[in-house]
Amino acid sequence: MGSPFVRQVRRPPFAYRLARGLRRLSSVVLVLLMLYLATVAYSTYALAQSGPPAGSYTAGFVANDSLAVQGEFSIANPGLYPVEGLALTLRVLNSSGGFLGLVRSGSVTLAPGGTTTFPVAVYVPITPSSAAASLLVTDQVLSVGVWGNATYAYLFPVSIHFVQNRWWGAPFNGFRASAGVPSGSGGNVVVPITISFSNHAPLTETGALTLILRSSGGAPCGSTTFVLNVPSNSTFDQTQNVALASGCSISGGSAVATYTSGGTTIVLPPEAIP
Amino acid sequence: MSAPAERVIDFAGHRIPSLSYRILAGAALLVGLLVALVALPDAVLAYLDSHGVALPLPIATATVAGGILSALATARYILRPSRLYGPLSIATSLATIGYLLRFWWAASYRFTIPGSSSATFQVGYVDLILLLLVVPAFGLAAGVVTTIEDLSAPGERLPFDYPA
Chain E
1 MGSPFVRQVR RPPFAYRLAR GLRRLSSVVL VLLMLYLATV AYSTYALAQS
51 GPPAGSYTAG FVANDSLAVQ GEFSIANPGL YPVEGLALTL RVLNSSGGFL
101 GLVRSGSVTL APGGTTTFPV AVYVPITPSS AAASLLVTDQ VLSVGVWGNA
151 TYAYLFPVSI HFVQNRWWGA PFNGFRASAG VPSGSGGNVV VPITISFSNH
201 APLTETGALT LILRSSGGAP CGSTTFVLNV PSNSTFDQTQ NVALASGCSI
251 SGGSAVATYT SGGTTIVLPP EAIP
Chain R
1 MSAPAERVID FAGHRIPSLS YRILAGAALL VGLLVALVAL PDAVLAYLDS
51 HGVALPLPIA TATVAGGILS ALATARYILR PSRLYGPLSI ATSLATIGYL
101 LRFWWAASYR FTIPGSSSAT FQVGYVDLIL LLLVVPAFGL AAGVVTTIED
151 LSAPGERLPF DYPA
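Line by line, the protein sequences give chains E and R. For the first sequence, our numbering begins at 1 and goes up steadily by one. For the second sequence, our numbering begins at 1 and goes up steadily by one.
As structure tokens, then:
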């Protein structure tokens with residue numbers, strides 16, 4: 001026999017329902033945020049495990065007396081979230097801290113699960129008095145400072161700064177112009193001039209190297225031209241006789257070499273003649 | 001069939017677990033909270049510290065704050081049938097908001113990448129803190145509503161919190 005009483009389900013009062021709803025909403029938001037943070041942590045770990053940017057570069061002379069270092073590097077983003085608005089700035093210093101060049105990349109987005117390639121080109125104007133002149137004749141360690149800014153996983157603005165040391169092989173490393181014993185007399189004095197250097201740059205030097213000999217007072221005494229075809233990682237050592245102008249002595253003077261190749265003209269730092 | 005007499009007080013159409021039962025369950029809850037809010041953060045911070053990464057907050061702060069939050073949440077659970085439930089909900093939410101604001105104050109986290117003397121990494125988390133603040137904000141609002149409800153109609157919510 002059934003019970004004579006009918007159980008009635010009473011609806012909770014409004015205040016109770018409101019408080020319960022707020023508590024449930026709070027829990028839902030918390031769970032969603034925890035899931036989000038867990039996936040961010042996973043993505044960050046995957047990004048960190050993908051290793052540093054991979055890339056390569058080439059160096060060469062271009063017009064306007066400039067040295068160009070061009071290349072590209074790739075950044076993989078194996079995570080679940082994009083890296084948005086990634087902008088990079090590279091600053092290159094020579095071994096003595098002299099400023100060589102600055103390059104800024106445009107803002108790009110690293111899509112999740114993809115790899116993005118950045119082209120990079122640094123043009124370093126070279127004049128005999130500039131800090132970049134040492135790049136021509138001295139192997140050195142360059143300091144490449146990198147600054148990057150981006151927004152990761154929609155919520156996190158991140159910035160990174162690091163400095164990498166990169167070995168630079170000079171195209172005219174150890175450049176030396178030495179004068180031999182002059183011969184002849186009067187207006188027919190000839191002096192043997194020996195040029196030597198090593199090409200440590202990743203390029204083949206073809207063209208001409210014109211050498212102007214100057215007296216201690218700066219007056220031009222004579223000149224000669226060496227024909228170059230020096231592959232990377234090889235040395236050049238050649239002697240040529242230079243006829244000096246009448247009454248002109250190069251003792252205590254200097255030799256100024258100018259490299260010409262195609263449309264490029266690069267003046268090397270002056271070399272003192274004992 | 002009713003629950004064991006030593007665990008349940010049955011009256012007025014709802015069943016409130018006994019204080020001893022709530023203390024026992026609260027202790028279990030406390031253990032879980034201490035693991036989540038104290039042990040886990042402390043372990044992460046200690047790991048970072050041992051690898052030379054600057055910490056976003058001292059380990060002691062994480063321990064104390066996690067302990068306070070765990071204790072408040074446990075007390076709130078045990079005292080849920082009483083009028084202190086609402087105020088304890090408010091206190092727990094306020095403590096959580098204060099803890100999150102401690103991170104908000106720093107706004108960003110900067111550290112030197114281990115193994116490199118020159119690589120630094122900085123991440124901002126203001127937006128994340130804003131989103132996280134939504135959680136205790138809802139809890140705070142719920143606590144205020146419950147406090148008002150308990151003052152205006154004591155015991156009104158008990159049949160729904162502890163249905164028979």
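Using N, Cα and C, we set each Cβ at its ideal position, and we do this for glycine too.
C-beta neighbour in chain R for Phe156 of chain E, strict 8 Å: For this step, residue 156 of chain E is matched to residue 156 along the first sequence. Chain R contact via Cβ: present.
Take Arg214 of chain E as the anchor and find which of E:Ile195, E:Ala255 and E:Val191 has the nearest alpha-carbon. To locate residue 214 of chain E, count along the first sequence from 1; it is residue 214. Among E:Ile195, E:Ala255 and E:Val191, the Cα nearest to that of Arg214 of chain E belongs to E:Ala255.
The region 44-58 of chain R contacting the region 81-89 of chain R, beta-carbon criterion three pairs below 8 Å: The region 44-58 of chain R is not in contact with the region 81-89 of chain R.
Look up Arg76 of chain R in the DSSP assignment and say whether it is helix, strand or coil. Counted from its first residue, the second sequence places residue 76 of chain R at position 76. Here Arg76 of chain R sits in helix by DSSP.
Could you check the C-alpha separation between Val8 of chain R and Leu33 of chain R for me, to the nearest Å? For this step, residue 8 of chain R is matched to residue 8 along the second sequence. For this step, residue 33 of chain R is matched to residue 33 along the second sequence. Residue confidence is low: Val8 of chain R scores 49 on pLDDT, short of 50, so the model does not pin down where it sits. Its coordinate-derived value is still stated next. Those two C-alpha atoms are separated by around 25 Å.
Who are the neighbours of Val292 of chain E on chain R, taking C-beta pairs under 9 Å? This structure cannot speak to residue 292 of chain E, because chain E is shown only from 1 to 274.
Which residues in the same chain as Leu79 of chain R place their Cβ atom closer than 7 Å to its Cβ, once the five residues preceding and following it in sequence are excluded? For the purposes of this step, residue 79 of chain R is taken as residue 79 along the second sequence, with counting starting at 1. Excluding sequence neighbours, Leu79 of chain R sits near Tyr85 and Leu88.
Give a yes or no on whether the minimum CB-CB distance between Ala63 of chain E and chain R is below 8 Å. In the first sequence, residue 63 of chain E corresponds to position 63, counting from 1. For Ala63 of chain E, the answer is no, since every Cβ of chain R falls outside 8 Å of its Cβ.
Taking CB distances under 8 Å as the criterion, tell me whether Asp42 of chain R reaches chain E. For this step, residue 42 of chain R is matched to residue 42 along the second sequence. Taking Cβ atoms only, chain E never reaches closer than 8 Å to Asp42 of chain R, which makes this a no.
Residues of the region 24-46 of chain E whose Cβ lies closer than 7 Å to any Cβ of chain R, in chain order: Leu25, Ser26, Val29, Leu30 and Leu33
Can a CB atom of chain R be found closer than 8 Å to the CB of Leu203 of chain E? To locate residue 203 of chain E, count along the first sequence from 1; it is residue 203. Cβ-Cβ to chain R under 8 Å: no for Leu203 of chain E.
Just reading off the alpha helix (DSSP H) that Phe160 of chain R is part of, what are its end residues? The count along the second sequence starts at 1 and reaches residue 160 of chain R at position 160. Leu158 to Asp161 is the extent of the alpha helix (DSSP H) around Phe160 of chain R.
What residue does the alpha helix (DSSP H) around Phe14 of chain E start on, and which one ends it? The residue labelled residue 14 of chain E in the question sits at position 14 within the first sequence. Note, Phe14 of chain E: alpha helix (DSSP H), Phe14 to Gln49.
Quickly, what does DSSP pair Asn199 of chain E with across the bridge? List them, please. Along the first sequence, read from residue 1 onward, the residue named residue 199 of chain E stands at position 199. Paired residue(s): E:Ser234.
Take Trp105 of chain R as the anchor and find which of R:Leu130, R:Val145, R:Ala28 and R:Pro17 has the nearest alpha-carbon. Locating residue 105 of chain R in the second sequence gives position 105, where the first residue counts as 1. The candidate whose alpha carbon is nearest that of Trp105 of chain R is R:Leu130.
Chain E contact for Gly67 of chain R (CB, 8 Å cutoff): If you number the second sequence from 1, residue 67 of chain R lands on position 67. Nearest CB-CB separation between Gly67 of chain R and chain E: not below the 8 Å threshold.
With distance defined between alpha-carbon atoms, name the residue in R:Ala142, R:Thr61 and R:Ser93 nearest to Arg102 of chain R. The residue labelled residue 102 of chain R in the question sits at position 102 within the second sequence. Looking at the Cα atoms, R:Thr61 is the closest of the given residues.
Roughly how many angstroms lie between the CA atoms of Phe11 of chain R and Pro41 of chain R, to the nearest whole one? Indexing the second sequence from 1 puts residue 11 of chain R at position 11. Indexing the second sequence from 1 puts residue 41 of chain R at position 41. Interpretation of Phe11 of chain R is limited by its pLDDT of 48, a score under 50 that renders its predicted location unreliable; no figure is taken from the coordinates.
Under a CB-based cut-off of 8 Å, is Ala177 of chain E close to chain R? For this step, residue 177 of chain E is matched to residue 177 along the first sequence. Nearest CB-CB separation between Ala177 of chain E and chain R: not below the 8 Å threshold.
What is the rounded straight-line gap between the Cα of Asp165 of chain R and the Cα of Ile90 of chain R? Limits of chain R in this structure are 1 at one end and 164 at the other, which puts residue 165 of chain R out of reach.
For the region 81-105 of chain E, list every residue whose C-beta sits within 7 Å of some C-beta in chain R, in sequence order. none
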